[in-house]
Amino acid sequence: MSDLIPDAVKIGRRKFFTKMGIFLSGFLGVVISIPVIGALLTPLLKKTPIVWRSVGSVDDFEIGKTVLVTFQDASPLPWSGPTSQSGSWLRRTSEDEFHAFSINCTHLGCPVRWIADADLFLCPCHGGVYNQDGSYAAGPPPKGLVKYPVRIRKDEVEIMASPLPITRL
Amino acid sequence: MNKLKSLWHWFDDRTGLSDTIRPLAKHLVPPDSKWTYVFGSATLFTFILQVITGVALSLLYQPTSETAYQSLKYISTEAPLGSILRGIHFFGASAMILLIGIHMIRVYLSASYKYPREMSWISGVILLGLTLGMGFTGQLLRWDSNGVWSAVVAAEQMGRVPIIGVWIARFILAGETLGGATLSRFFSFHVFLIPALLFGIIGLHVFLVFRNGISEPPEAGRLVKPDEYRTWYEKMLEKKGVPFWPDAAWRDMLFGLGVVIVILILAVVKGAPEIGAPPDPANIHTNPRPDWYLLWYFALFALMPRSIESVVIVFGPLLAITVLILLPIFFNRGERHPMRRPWSIGIVLFIITMIITLWSEGAKSPWSPDFSTQPLPAKVVGQVNADARAGAGLFYDKGCQFCHSIEGHGGHRGPDLTYVADRLTLDQMTIRIANGGKNMPPFGEKLSEKEMNAILSFLQTRTSGK
Numbered sequence: 243m244s245d246l247i248p249d250a251v252k253i254g255r256r257k258f259f260t261k262m263g264i265f266l267s268g269f270l271g272v273v274i275s276i277p278v279i280g281a282l283l284t285p286l287l288k289k290t291p292i293v294w295r296s297v298g299s300v301d302d303f304e305i306g307k308t309v310l311v312t313f314q315d316a317s318p319l320p321w322s323g324p325t326s327q328s329g330s331w332l333r334r335t336s337e338d339e340f341h342a343f344s345i346n347c348t349h350l351g352c353p354v355r356w357i358a359d360a361d362l363f364l365c366p367c368h369g370g371v372y373n374q375d376g377s378y379a380a381g382p383p384p385k386g387l388v389k390y391p392v393r394i395r396k397d398e399v400e401i402m403a404s405p406l407p408i409t410r411l
Numbered sequence: 323m324n325k326l327k328s329l330w331h332w333f334d335d336r337t338g339l340s341d342t343i344r345p346l347a348k349h350l351v352p353p354d355s356k357w358t359y360v361f362g363s364a365t366l367f368t369f370i371l372q373v374i375t376g377v378a379l380s381l382l383y384q385p386t387s388e389t390a391y392q393s394l395k396y397i398s399t400e401a402p403l404g405s406i407l408r409g410i411h412f413f414g415a416s417a418m419i420l421l422i423g424i425h426m427i428r429v430y431l432s433a434s435y436k437y438p439r440e441m442s443w444i445s446g447v448i449l450l451g452l453t454l455g456m457g458f459t460g461q462l463l464r465w466d467s468n469g470v471w472s473a474v475v476a477a478e479q480m481g482r483v484p485i486i487g488v489w490i491a492r493f494i495l496a497g498e499t500l501g502g503a504t505l506s507r508f509f510s511f512h513v514f515l516i517p518a519l520l521f522g523i524i525g526l527h528v529f530l531v532f533r534n535g536i537s538e539p540p541e542a543g544r545l546v547k548p549d550e551y552r553t554w555y556e557k558m559l560e561k562k563g564v565p566f567w568p569d570a571a572w573r574d575m576l577f578g579l580g581v582v583i584v585i586l587i588l589a590v591v592k593g594a595p596e597i598g599a600p601p602d603p604a605n606i607h608t609n610p611r612p613d614w615y616l617l618w619y620f621a622l623f624a625l626m627p628r629s630i631e632s633v634v635i636v637f638g639p640l641l642a643i644t645v646l647i648l649l650p651i652f653f654n655r656g657e658r659h660p661m662r663r664p665w666s667i668g669i670v671l672f673i674i675t676m677i678i679t680l681w682s683e684g685a686k687s688p689w690s691p692d693f694s695t696q697p698l699p700a701k702v703v704g705q706v707n708a709d710a711r712a713g714a715g716l717f718y719d720k721g722c723q724f725c726h727s728i729e730g731h732g733g734h735r736g737p738d739l740t741y742v743a744d745r746l747t748l749d750q751m752t753i754r755i756a757n758g759g760k761n762m763p764p765f766g767e768k769l770s771e772k773e774m775n776a777i778l779s780f781l782q783t784r785t786s787g788k
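Respectively, the protein sequence lines represent chains A and B. Residue numbering for the first sequence follows my numbering, beginning at 243 and increasing consecutively. Residue numbering for the second sequence follows my numbering, beginning at 323 and increasing consecutively.
Printed below as a string of structure tokens:
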């Protein structure tokens, strides 16, 4: 019976099925990759809510002083443990004016230390220095400290839980 | 005994084990490939050691941000021989990176990357990158107050990449901030993804050794000619080749054994790095440092001129990888002996000198302010008037001592001021303090006139008396 089928058709069918098999496998590979890549990219695609965290009442902070405050991230995962914390150097400059500096040095992210008597922020990693208003003073950082949004609500000082500041090119 | 033998024969016949292994073990190698050839296998042995100790550690380690720290403490203090396990894994990592460097230098100097072994070199470069990646992600799994900063610093470096930098940074952190997902990401990379790639590419790398043969030691004047080489090599092996096992393998075994023994001794005597405070990214009392094999890179960021930094961070590694991968493409023939390739010796010496210098600077890290310094003791201040004594107090309070030393007390960011009065006039001192300097902030507006005068009085007493 197969003698009646011309060779051209036999080979054509073989090629067709070969290509079909490869195409289907490739297609399935792509389909399976979608949730895999999704898992890798989830943190980039999640929408972070805007959350204001209270760090104390207005009276807790002396004018002209800079203190370290810590607060929870905007939407931490339940198993984050201590890593759900963020820190900020909070400076009260007047009755109702607060500045919340990110503790991350703008050079490569190490936590800066406030030296009260010297009125300077010093970074332990590569020696970056910032003035009390967060502006750049000396060392490798390309710019001053990043500021987090801060507001006063009902006598409470609130900082907006913000992303880690990332220095661009 | 006979039962065992027949059992073995059955197993061997059905699996073909000795038929597969024998030709590999007995494959011919050049007779004069001797002690300089042990470093590749030594790297492989340390890798196997890492996999074994890594699996053991993964039985105890808890890879969530919340519990990793507790499990690390458990491994280090309570689990039987847990701290030694950690020690072997840490020194094994160090050994692997050191050996990969030596192996790479040996291959480069003897130009074994030339035809037909170009792919061995290229796969090797990829393995180098992956190994450094393992070292980096591994340090991070030591999830204490310093470990979290490895993730942050890596993310910040990636942030400098144009256009997509912030996305890469957030990809690394697994979020907008460091958090619960960050550790899981690095755990997956360190335990699953990168090892899978390593297994595959090591497989290729070792296969190529069998396919292309071990390179013969270079001879000055004997040029690599691609159209003639393979035939020449086969003939040479037929004439003088020796079976790898045992004629050459004994050196690999001995050296590999030595490496593992040294790792064990270090693990028992010195032990793995201490676990610090819990991984709180709001803890400002940290001194983030990479492990020793990346300390030179850390030093580079402190010492590099500020203006070129972003460019170096992004394009430096890219340039290095491109140059390395293209090496055997452009230079795959000709002389192999280092004496006929003086540039190769120069380049290796330059790179070794650069890395060692940066390493020692990184270890000292003089650019880090010394936060632990204490106010100058009375005998260092000496018999001085009241103004100068007040100045000595301000020298500490105002932060000068974090960066400047006097008689060994203080930091090394700035010049030593023990005898500064011999070098600078009063005017010069005033200008420097008021305006700052290259890495020094200006203090002009931070000091009252009285404070400035007190400090100047103090500094003027800093003389050797000559």
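All C-beta atoms in this analysis are idealised placements derived from N, C-alpha and C, irrespective of residue type, glycine included.
Counterpart residues of residue i in DSSP-defined beta bridges
i, result
"residue 395 of chain A", "A:398"
"residue 373 of chain A", "A:362"
"residue 565 of chain B", "B:350"
"residue 579 of chain B", "Answer by DSSP bridge pairing: none, since residue 579 of chain B is not bridged."
"residue 309 of chain A", "A:332"
"residue 314 of chain A", "A:327"
"residue 357 of chain A", "A:362"
"residue 731 of chain B", "B:728"
"residue 296 of chain A", "A:400"
"residue 546 of chain B", "B:656"
Residue i: first and last residue of the uninterrupted alpha helix (DSSP H) it sits in
i, result
"residue 635 of chain B", "631–652"
"residue 377 of chain B", "361–380"
"residue 398 of chain B", "390–399"
"residue 529 of chain B", "516–534"
"residue 343 of chain A", "Counting along the chain, residue 343 of chain A falls outside any alpha helix (DSSP H), though it belongs to the beta strand (DSSP E) covering 340–344."
"residue 488 of chain B", "487–495"
"residue 325 of chain B", "324–337"
"residue 430 of chain B", "404–431"
"residue 388 of chain A", "Premise fails: residue 388 of chain A is in no alpha helix (DSSP H) and is neither H nor E."
"residue 461 of chain B", "440–463"
Beta-carbon gap between residue i and residue j smaller than 8 Å
i, j, result
"residue 740 of chain B", "residue 728 of chain B", "yes"
"residue 690 of chain B", "residue 366 of chain A", "yes"
"residue 416 of chain B", "residue 619 of chain B", "no"
"residue 655 of chain B", "residue 436 of chain B", "yes"
"residue 450 of chain B", "residue 582 of chain B", "no"
"residue 317 of chain A", "residue 291 of chain A", "yes"
"residue 829 of chain B", "residue 670 of chain B", "No information on residue 829 of chain B is available, as it lies outside the stretch 323 to 788 that chain B covers here."
"residue 322 of chain A", "residue 460 of chain B", "no"
"residue 385 of chain B", "residue 495 of chain B", "no"
"residue 371 of chain A", "residue 358 of chain A", "no"
"residue 734 of chain B", "residue 698 of chain B", "no"
"residue 481 of chain B", "residue 348 of chain A", "no"
"residue 331 of chain A", "residue 312 of chain A", "no"
"residue 350 of chain A", "residue 412 of chain B", "no"
"residue 594 of chain B", "residue 409 of chain B", "yes"
"residue 570 of chain B", "residue 564 of chain B", "yes"
"residue 608 of chain B", "residue 315 of chain A", "no"
"residue 388 of chain A", "residue 326 of chain A", "no"
"residue 398 of chain B", "residue 597 of chain B", "yes"
Residue range of the unbroken beta strand (DSSP E) whose run includes residue i
i, result
"residue 413 of chain A", "No statement about residue 413 of chain A is possible, as the shown extent of chain A runs from 243 to 411 and does not include it."
"residue 380 of chain A", "378–380"
"residue 665 of chain B", "Careful: residue 665 of chain B lies outside any beta strand (DSSP E), inside the alpha helix (DSSP H) at 664–686."
heavy atom of the ligand ADP below 7 Å from residue i C-beta
i, result
"residue 520 of chain B", "You won't find the ligand ADP in this model; it holds no ligand whatsoever."
8 Å Cβ cut-off: residues of chain E touching residue i
i, result
"residue 410 of chain A", "Looking for chain E here will not work: the only protein chains present are A and B."
Validate contact between the region 444–464 of chain B and the region 522–530 of chain B using beta carbons, cut 8 Å, 3 pairs: yes
Cβ pair count under 8 Å reaching 3, the region 361–379 of chain A against the region 753–763 of chain B: yes
Given 8 Å, three or more beta-carbon pairs between the region 649–664 of chain B and the region 464–479 of chain B: no
Chain A contacts from the region 727–757 of chain B (Cβ-Cβ distance under 7 Å): 735
Segment contact flag, the region 372–382 of chain B with the region 330–346 of chain B, C-beta cutoff 8 Å, min 3 pairs: no
The region 423–444 of chain B: positions lying closer than 9 Å to chain A by Cβ: none
Three CB pairs or more closer than 8 Å across the region 295–307 of chain A and the region 331–339 of chain A: yes
Positions along the region 375–388 of chain B whose CB lies within less than 8 Å of some CB in chain A: 386, 387, 388
Touching by the beta-carbon criterion (3+ pairs, under 8 Å), the region 343–357 of chain B and the region 536–545 of chain B: yes
Three or more C-beta pairs below 8 Å linking the region 377–392 of chain A and the region 626–636 of chain B: yes
Sufficient close CB pairs (3 or more, under 8 Å) joining the region 770–787 of chain B to the region 711–721 of chain B: yes
Within 9 Å of chain A by C-beta, residues of the region 607–619 of chain B in sequence order: 607, 608, 609, 610, 611
Positions along the region 667–690 of chain B whose CB lies within less than 8 Å of some CB in chain A: 689, 690
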